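Under the numbering used here, the first residue of the sequence shown is numbered 1038, with each subsequent residue one higher. Even for Gly, the Cβ is constructed at its ideal location relative to N, Cα and C. These numbers come from a predicted model, not from an experiment.
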Amino acid sequence: MNFNQHPLAYFLGFLSTGILLYSCSESDTSIKSDQSSGNYHIEKIDSFEVNNLTRVIIRDYSPEEKKYLGYAMVEDDFLEISEEGEILKRAHKKGEGLGLYGNWNPIGMGFGPSGMRIAELPFSILAYNRDFEEIYRQRIQSPLPIRGFGPMGRTEYYQNQDSTYFLVGPSNYLSAHYLIHNEEGRDTLTNFYSINIQSGDMKSVLPYREESIYKQTLDIYPELMTKSFVVDHETNELLVLHGLENKIEVYSLPSLDFKESIPIDHSEFLEYSPVPIGINSNDDRLTALRLMSGRNQNLIQIDKDLFLIKYFTGVTEGQFNTRRGQDAIYSPANDTKEQKILLISGRKQVAELESIPGSILFGLGDGKFLVVEPENTEIEEEVTRFSIYQVQN
């Protein structure tokens, strides 16, 4: 495993079980639904640029402070960014010495309660105040020394009375099987932790449910045993979507007791079979599974009772070979034409829409969500472009 890769190279996406069905619709700047349950569509309503010379990723937004929390991928700096894209504050915390967290890069970050700025590293979690002064540090007992160029997601948290809990661990963002090629790596939830920042108590939470597709085989789905999750602070619930599942699991907080499932329906989905643990990396079955199989990619809350799921439909071996012949670096899971968006409202699926260019980052409320625009690989850009889309009905 090459630790010097971009971390998104690790996060190859999610897989889900299904059959190959076809449903076509037109893609436009206004992306509409053809489901009778509603006339939903997606509009691009705003955009901004962050001028930083090198690539910037944004992982969270504070509606109270009206700021984004970002990270400069080359400089290893935390950034506070205005709604217009202006860098308001820059903080460098990487390195050895007082107030620094060492030479690991954060794998997660976000705003916490009471104005905290959170940095999640493979082996520790740190909290800073608004001046980026360290106010909390706790070690994470993890067997997965993941390295990357920057944070791969937002660190979620929930609260109970006077206690604050963070959901941490490298398998929040990628499959544990990357480094553990045994039964522990097959159950990627083993390294999904809840940590109490007041007491320091940490425990593994949410093992796979017995009816999970991952429990129905002794084989594995390499790079596809992943999950996307969000904490709904209004309802005190944790919603989890696994790469292979056709349902969202809902857990009550703080108990983490299973509450219910929300079924989802992919109109177009292609399934590939799992492979044995320890399979040779050159095996064609592994290549097909990793690159061509459909998968859930994102679960994002975009309003009080509105959730968005982006998924990859999957491609056949013939489609893959043809496209790789035309483009040697073709990546099916990143192909917008092979992605779709599901909308969940009122605990049921209400629409399926065509996808949009770029990577969906997180929701902003009022049906809005933030997207980082694709990078122009032909020229060296000095800005990173972001757009705001809104789901309208």
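Residue range of the beta strand (DSSP E) that includes residue i
| i | result |
| --- | --- |
| Asp1083 | 1078-1088 |
| Tyr1230 | 1230-1233 |
| Arg1174 | 1171-1176 |
| Glu1286 | 1284-1289 |
| Arg1246 | No beta strand (DSSP E) contains Arg1246, which DSSP labels as neither H nor E. |
| Ser1298 | 1295-1300 |
| Ser1265 | 1264-1269 |
| Thr1201 | 1200-1205 |
| Arg1154 | 1154-1158 |
| Ala1128 | 1124-1129 |
| Tyr1195 | 1194-1197 |
| Gly1237 | Careful: Gly1237 lies outside any beta strand (DSSP E) and carries neither H nor E. |
| Leu1261 | Note, Leu1261: premise wrong, no beta strand (DSSP E); not H, not E. |
| Arg1184 | Per DSSP, Arg1184 belongs to no beta strand (DSSP E) and is neither H nor E. |
| Ser1119 | 1114-1119 |
| Glu1274 | 1274-1279 |
| Asp1340 | 1332-1340 |
Span of the alpha helix (DSSP H), counted from its first residue to its last, around residue i
| i | result |
| --- | --- |
| Gln1356 | 1354-1363 |
| Asp1321 | 1321-1329 |
Rounded straight-line distance, which links the Cα of residue j to that of residue i
| i | j | result |
| --- | --- | --- |
| Lys1341 | Leu1293 | 20 Å |
| Ser1265 | Asp1168 | 30 Å |
| Phe1203 | Ala1388 | 32 Å |
| Leu1255 | Pro1311 | 9 Å |
| Leu1401 | Asp1320 | 42 Å |
| Gly1132 | Gly1206 | 21 Å |
| Phe1306 | Phe1295 | 27 Å |
| Gly1152 | Thr1421 | 26 Å |
| Leu1275 | Phe1406 | 19 Å |
| Arg980 | Ala1164 | Any answer about residue 980 is impossible in this case: the structure gives the chain only from 1038 up to 1430. |
| Ile1177 | Tyr1105 | 26 Å |
| Ile1250 | His1214 | 16 Å |
| Gly1134 | Asn1140 | 11 Å |
| Thr1373 | Ser1099 | 29 Å |
| Phe1085 | Ile1118 | 11 Å |
| Glu1410 | Phe1399 | 14 Å |
| Phe1229 | Asp1238 | 14 Å |
| Ser1062 | Glu1391 | Confidence at Ser1062 is low in this model, with a pLDDT of 32, below 50, so its placement is unreliable and the value that follows should be read with caution. Rounded to the nearest angstrom, the two C-alpha atoms are 7 Å apart. |
| Thr1263 | Leu1116 | 28 Å |
| Asp1364 | Val1093 | 26 Å |
| Thr1192 | Asn1142 | 14 Å |
| Ser1161 | Asn1076 | 45 Å |
| Glu1415 | Leu1343 | 37 Å |
| Thr1350 | His1078 | 20 Å |
| Arg1127 | Asn1413 | 25 Å |
| Glu1417 | Asn1197 | 47 Å |
| Gly1404 | Ile1381 | 12 Å |
Cβ distance (whole Å) where residue i is taken to contact residue j below 8 Å
| i | j | result |
| --- | --- | --- |
| Leu1261 | Arg1332 | 6 Å |
| Pro1188 | Arg1096 | 5 Å |
| Tyr1348 | Ile1393 | With 8 Å as the limit, Tyr1348 and Ile1393 do not qualify as a contact, their Cβ atoms being about 13 Å apart. |
| Glu1157 | Gly1145 | 4 Å |
| Leu1328 | Ile1337 | Going by Cβ atoms, the distance from Leu1328 to Ile1337 rounds to 24 Å, so no, they are not a contact pair. |
| Tyr1258 | Leu1278 | Not quite, the Cβ-Cβ distance comes to about 15 Å (not below 8 Å), so this is no contact. |
| Asn1283 | His1303 | 7 Å |
| Ile1301 | Gln1386 | 6 Å |
Cut-off 7 Å between Cβ atoms - residues of its own chain near residue i, not counting five sequence neighbours on either side
| i | result |
| --- | --- |
| Arg1360 | Tyr1367 |
| Ser1200 | Asn1233, Gln1235 |
| Glu1171 | Gly1136, Leu1163, Tyr1165 |
| Glu1080 | Ser1067, Tyr1426, Gln1427, Gln1429 |
| Glu1297 | Val1287 |
| Gly1147 | Arg1096, Asp1097, Leu1106, Ile1155, Arg1191, Thr1192 |
| Val1408 | Ile1393, Gly1395, Ser1396, Ile1397, Leu1398, Phe1423, Ser1424, Tyr1426 |
Residues of its chain near residue i, where Cβ-Cβ distance is below 6 Å and the 5 sequence neighbours each way are ignored
| i | result |
| --- | --- |
| Tyr1195 | Tyr1202, Val1268, Leu1290 |
| Arg1154 | Tyr1165 |
| Arg1384 | Ile1299 |
| Phe1040 | Reliability fails at Phe1040, whose pLDDT of 28 lies under 50, so the model's placement of it is uncertain and the value that follows must be treated cautiously. The residues are Arg1184. |
| Lys1130 | Leu1137, Tyr1138 |
| Ile1285 | Leu1276, Leu1278, Ile1299 |
| Gln1253 | none |
| Tyr1309 | Ala1325, Leu1326, Ser1330 |
| Arg1322 | Val1312 |
Cβ neighbours of residue i in the same chain (closer than 8 Å, five flanking residues each side left out)
| i | result |
| --- | --- |
| Asn1088 | Gly1122, Ile1124, Glu1419, Val1420 |
| Thr1091 | Ala1109, Met1110, Val1111, Glu1112 |
| Asp1083 | Ser1424, Ile1425 |
| Glu1271 | Lys1341 |
| Ser1073 | In this prediction, Ser1073 scores a pLDDT of 39, lower than 50, which makes its location untrustworthy; the coordinate-derived value is nonetheless stated afterwards. There are no such residues. |
Cutoff 7 Å: residue i Cβ touching any chain B Cβ
| i | result |
| --- | --- |
| Leu1290 | The structure shown contains no chain B; it holds only a single protein chain. |
Residue i beta carbon near the ligand ZN (any heavy atom closer than 6 Å)
| i | result |
| --- | --- |
| Val1205 | As presented, the structure is devoid of all ligands, the ligand ZN included, so that no description of it is given. |
Do the segment 1348-1355 and the segment 1310-1320 touch if we need at least three Cβ pairs shorter than 8 Å?
Contact between the segment 1348-1355 and the segment 1310-1320 is absent, because fewer than three Cβ pairs lie under 8 Å.
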